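K.L.:
Residue numbers (my numbering): 2 to 300.
#1: Three-state secondary structure (DSSP) at residue 139?
#2: In the structure shown, what three-state DSSP assignment does residue 201 receive?
#3: Threshold first: 3 residues or longer. Then list the beta strand (DSSP E) segments lying entirely within the segment 115-196, N to C.
#4: Would you kindly work out how many angstroms separate the C-alpha atoms of residue 3 and residue 81, rounded to a whole number?
#5: Could you please give the first and the last residue of the uninterrupted beta strand (DSSP E) stretch that includes residue 227?
#6: Return the residue from the list 13, 57 and 74 that minimises the CA-CA distance to residue 45.
#7: Assign residue 64 to one of two classes, buried (16 or more other C-beta atoms within 10 Å of its C-beta) or exposed (fewer than that).
#8: Indicate the three-state DSSP secondary structure (helix, strand or coil) for residue 99 in the structure shown.
#9: How do the segment 224-236 and the segment 186-206 stand: do at least 3 beta-carbon pairs fall below 8 Å, yes or no?
#10: Just reading off the alpha helix (DSSP H) that residue 288 is part of, what are its end residues?
#11: Using a Cβ-Cβ cutoff of less than 8 Å, which residues in the same chain neighbour residue 15 once the five nearest sequence positions on both sides are dropped?
#12: Assuming the contact rule is C-beta atoms closer than 8 Å, residue 164 and residue 271 should be a hit. Round their C-beta distance to whole Å, please.
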């Protein structure tokens, strides 16, 4: 059906539905009221259904017209957004990709600060835990969980991964616990909050208890709560629901504010970390280079 309908008819219909007046729609589109009326009548004929109710000078949308208007408006808005990078004078749009945890806990604030410093530069953030999407060369910059080598990206370290149990002061106080006096065996007996490992290299409590200096013996504890994402586990710890694993670089702000505290003396360095990537085989735009420098200066 679509190949038989002039696409302009949908623009005319959209303008008429927004204005509820054919004359105003014509002025917006720089055509006559009669031309608007003809295009609407042609669209109705193609569709086999009335789109407007007409009572004298008053217009309204029929149920079919309302459904079509919602879809046409969404489609035109999407097209307008897609054309934004081609609009003269709008400047570069930088695309950066990062995992959900670092986007939420570390990157978001730095992008807001960058926006204040460079209001003329737009940034598009892709948040994903799928490695192929993170490392896609359609991105200008990436932040990936890595050991520091990648065939297509030049990686600069932002933070190494150091994992330590964390909890809110309220959770510890309600149980009369001294966070620094707790041993790994003590921690294992408390309310553990864990998360699903979407990457074979990620470390949850099971791996953590096996890597500490004095590995836990016997049956490993089962977490009281387990979430699909790391962010949800941290948020549960903030609410005082138990003890989660903290990646120190990611939760730095919560530690400085006192919203979370570290527990015990055991630390595990995974050998991985978070790295800022710039393309190995193409030159960064000046705007992307500016964001690259900003993120390294604020690591």
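By construction, the Cβ of each residue, glycine as well, lies at the ideal position given by its N, Cα and C atoms. Note that the structure is predicted; figures quoted are calculated from it, not measured.
P.N.:
This is what the structure gives:
#1: Reading the chain shown from its first residue, position 138 is the one you call residue 139. Residue 139 falls in the coil class under three-state DSSP.
#2: As a position in the chain shown, residue 201 is number 200, starting the count at 1. Three-state DSSP puts residue 201 in coil, outside helix and strand.
#3: 123-128, 142-147, 154-168 and 194-196
#4: The residue given as residue 3 occupies position 2 in the chain shown. The residue given as residue 81 occupies position 80 in the chain shown. Those two C-alpha atoms are separated by around 20 Å.
#5: To locate residue 227, count along the chain shown from 1; it is residue 226. That run of the beta strand (DSSP E) goes 226-228.
#6: Walking along the chain shown from the start, residue 45 turns up at place 44. The shortest C-alpha separation from residue 45 is found at 13.
#7: As a first step, residue 64 must be located in the chain shown, where it is residue number 63. Exposed, by the Cβ-count rule.
#8: Position 98 of the chain shown holds residue 99. For residue 99, the secondary structure class from DSSP, reduced to helix, strand or coil, is strand.
#9: Short answer: they touch.
#10: One-based indexing of the chain shown puts residue 288 at position 287. 287-298 is the extent of the alpha helix (DSSP H) around residue 288.
#11: Here residue 15 is taken as the residue at index 14 of the chain shown, counted from 1. Counting only Cβ-Cβ distances below 8 Å, and skipping sequence neighbours, we find 70, 73, 74 and 77.
#12: Translated into positions along the chain shown, residue 164 becomes position 163. Translated into positions along the chain shown, residue 271 becomes position 270. Contact flag correct, Cβ pair sits at about 7 Å.
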